[in-house]
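Residue numbers (the numbering used here): 1339 to 1399.
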Amino acid sequence: HRTHGGRPSRARLLAAVRAADFKGVAATYAFEKDGTFKGGRLSHLRVTGGRWRYVGPVDLA
């Protein structure tokens, strides 16, 4: 299920993301079988001047 350029198709990528748990800087990201995010609030962080800065909450709607 790859495109002509050798990249995975959108459907295959979505299936892989939904099946994986990813440990990020601030949290572990995982999804329910229906694709909804498991967990509470997500935060948008950005590195500014070599330090992590809080930008704001992430709206998943």
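Positions of the beta carbon are idealized from the N, C-alpha and C atoms, including for glycine.
Spatial distance of residue i from residue j (CA atoms)
i	j	result
Val1482	Val1385	The question about residue 1482 has no answer, for the chain in this structure spans 1339 to 1399.
Phe1360	Ala1354	11 Å
Trp1390	Leu1383	6 Å
Ala1365	Pro1346	26 Å
Gly1343	Leu1352	18 Å
Gly1373	Gly1388	34 Å
Ala1349	Arg1356	11 Å
Whether residue i touches residue j by CB criterion (8 Å)
i	j	result
Ala1368	Gly1378	no
Val1393	Leu1380	no
Note to self: To test your reading of the DSSP string, which unbroken alpha helix (DSSP H) runs of 4 or more residues are found completely within the segment 1345-1380?
What the structure shows: 1348-1357
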